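Inspection log for the structure reproduced underneath, given as structure tokens.
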Amino acid sequence: MPAYARALLPVLAGIGRHRFFAIALTAAAVLRVVTMLGYPPARLYWYDSFSYLHNAVHLRPEQGFHPIGYPLLLRVLLPFHSVELIVVLQHAMGLATGVIVYAALRGRGLPAWGAVLASAPVLFDASFLRLEHAVLSDSLFILLVVAATALLVRRPVPSARAAATAGLLLAGATLTRTVALPLILLVLMVLAVRRVPWRRIAALALAGLLPVAAYATWYGGLHGRFGVSGTDGVALWARSMTFADCAVIQPPPDLAPLCPNGTVLDAAGEYVWAEESSLNRLPGGHIALNDRARAFALRAIAAQPLDYLRDVVTDTALAFAWTPVAHPARTVPAFGFALGTWPLPAGRPLVEQAGREYDPDLTGMRSVRPYADLLIAYQHPAYLRGPLLAVILLMGAAGTVGRVGRVGRGDTVRRPRTAALPWAVAVTLLVAPVAVLDFDHRYVLPAVPVACLAAGLALARPPRAAAGIGSGGGHWAQRRALVRRALVRRALVRRAFGRPARGAPPRSDRGRVTTGT
589 MPAYARALLP VLAGIGRHRF FAIALTAAAV LRVVTMLGYP PARLYWYDSF
639 SYLHNAVHLR PEQGFHPIGY PLLLRVLLPF HSVELIVVLQ HAMGLATGVI
689 VYAALRGRGL PAWGAVLASA PVLFDASFLR LEHAVLSDSL FILLVVAATA
739 LLVRRPVPSA RAAATAGLLL AGATLTRTVA LPLILLVLMV LAVRRVPWRR
789 IAALALAGLL PVAAYATWYG GLHGRFGVSG TDGVALWARS MTFADCAVIQ
839 PPPDLAPLCP NGTVLDAAGE YVWAEESSLN RLPGGHIALN DRARAFALRA
889 IAAQPLDYLR DVVTDTALAF AWTPVAHPAR TVPAFGFALG TWPLPAGRPL
939 VEQAGREYDP DLTGMRSVRP YADLLIAYQH PAYLRGPLLA VILLMGAAGT
989 VGRVGRVGRG DTVRRPRTAA LPWAVAVTLL VAPVAVLDFD HRYVLPAVPV
1039 ACLAAGLALA RPPRAAAGIG SGGGHWAQRR ALVRRALVRR ALVRRAFGRP
1089 ARGAPPRSDR GRVTTGT
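Structure below.
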């Protein structure tokens, strides 16, 4: 047999064992090719996409909403001067995310059909196709969070290397979108509750927090303030505008100009950009007003905690509607594939600079038939409805309760709450953006694959290779003791019923003294 044929045999055997997922992955790849053919070159959003391209060329911490993680990736691709290459890589990231979900669940004992179903939303939902086709940080963020979470649930207790790698991935996610910073603290807390050895927790903490601290130091050296963002206070102020009542808050004179001025908008995030909002009527701009805006928002939350919680719960509940709700009304929440052209914003120096420095051939997106027609028809059935997302989260929540498994005859061991970590991450990803700014359907998508991972773990059974003991909580000494106890019991049963152990003389010869002749 030729050498290349022998090398291919393990690959073909692996495909055979995972043939259903291989078929699903191939179909998902075809969908992404159709997306690139149907909507060249890429979706570009004002102002985010052009800010990322500009930051990739002028690589330094910016004081706005975007940390440096995604611009670093774009900087690596800068020599090619192509936004098409960016979305090709992001579509590959979407496929890789599906592979990670599938592999993690198969490794924890979920049947192939269940692991394929769990990976289906990120592979086939049209919203993910649109997101991957846009010059936005979300695809990279999703891949980093899912990879980190999968590493931490791959085994009952993560190894020190897995913990450190997960910490680095979460640090990368934090430097891609700052909403991931609470995830590092959340993961550390969950691992501590699970009584993971402290050295592994320390490895994750150091790997996760040191890169963020280094970036915050770099940021402080340039902007005079230790941090990762210069607009976090502005975002939280905008969140408070939906409920703030200055008659209750009674702010000091320096914060009083930030009180609501009668302007009513249909979403909290709109207050960041609306010219008529009280913040934007003050001189100095967002960066200069950030600290005052944060101080006002914290006072508002402390004075009206129930009003704040009510608005956060109300906006988060939009994720569970059957028909996607436009929030704000000017947006298209789903089903965004359409026919037409989307020219670049005119008269914007940032747009012209991004085109000149990053991609001289940069043009607006356009639809190409018949590929666009296929996606327009596909997007309506290929959408994860809100109630289905709620069911997935409820399944994951059920997996946060430890189950009792049986070993041998009468011995029991508590199976771990393996779904607790991904479920907590999914809920945090769903709620945190609403708590610090506003609801956006785009912000829901990172929670979906992690929620599917939690639901799959809730349904998974330990593989047979674990000698019937279950996936355990990492208490291997307890497992070995239970196995030894079962073996001793088996030997006692054999002795009681006259069944000799292997290699022993027949029963009739036991106790007989023999002598040589």
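Each residue of the sequence shown is one higher than the one before, starting from 589 at the first, in this note's numbering. Yeah, the Cβ is synthetic: ideal placement off N, Cα and C, and Gly gets one too. Owing to the predicted nature of the structure, the values given are computational and were not obtained by experimental measurement.
In the structure shown, A714 falls within a helical segment according to DSSP collapsed to helix, strand and coil.
The stretch 699-782 contains, as complete alpha helix (DSSP H) runs of 4+ residues, the segments 700-712, 714-720, 726-741, 748-762 and 769-781 (chain order). Straight-line spacing of the CA atoms in F884 and N868 works out to 15 Å. Using a Cβ distance threshold of 8 Å, H606 and A700 count as a contacting pair. In this structure the stretch 971-979 lies against the stretch 906-921, because at least three pairs of beta carbons, one per stretch, are closer than 8 Å.
Annotation: the continuous alpha helix (DSSP H) that includes D820 extends over D820 to S828. Collapsing the DSSP output to three states places T929 in a strand. Counting the other CB atoms within 10 Å of its CB gives L662 a total of 16 or more, which places it among the buried residues. Annotation for D713: A970, Y971 and L972 place their beta carbon closer than 7 Å to its own, counting only its chain and skipping 5 residues before and after. Residue pairing by DSSP places M953 opposite W930 in a beta bridge. Taking a 10 Å sphere around the C-beta of F814, we find fewer than 16 other C-beta atoms and assign the residue as exposed. The beta carbon of A630 sits closer than 7 Å to the beta carbons of V671, E672, I674, V675, H721, A722, V723 and M953 from its chain, once the five residues preceding and following it are set aside; these are given in chain order.
Within the DSSP bridge table, the entry for R631 names A722 as partners. Under the three-state reduction of DSSP output, E650 falls in the coil class, being neither helix nor strand. When secondary structure is reduced to three states using DSSP, E945 falls in the helix class.
One Cα belongs to P845, the other to R880, and the distance between them is close to 10 Å. Across the set L1045, Y946, A616 and Q651, the C-alpha of Y946 shows the shortest separation from the C-alpha of V664.
Nearest to A855 by C-alpha distance, out of T904, V645, A835 and P893, is T904. The closest CA to that of H642, considering only W786, R944 and V781, is found on R944. At the C-beta level, V622 and L963 come within 8 Å of one another. By the 16-neighbour rule on beta-carbons within 10 angstroms, L798 is exposed.
A Cβ-Cβ distance of about 48 Å is found for the pair A835 and A795, leaving them out of contact under the 8 Å criterion. Within the model, the alpha-carbon separation for V645 versus Y658 is close to 12 Å. Rounded to whole angstroms, the Cβ separation of V800 and H874 is 22 Å, and the two are not in contact under 8 Å. According to the DSSP assignment, G873 belongs to the alpha helix (DSSP H) that extends over G873 to A891. DSSP places D1028 in the coil class of the three-state scheme, outside both helix and strand. S639: member of the alpha helix (DSSP H) spanning D636 to V645, first to last residue.
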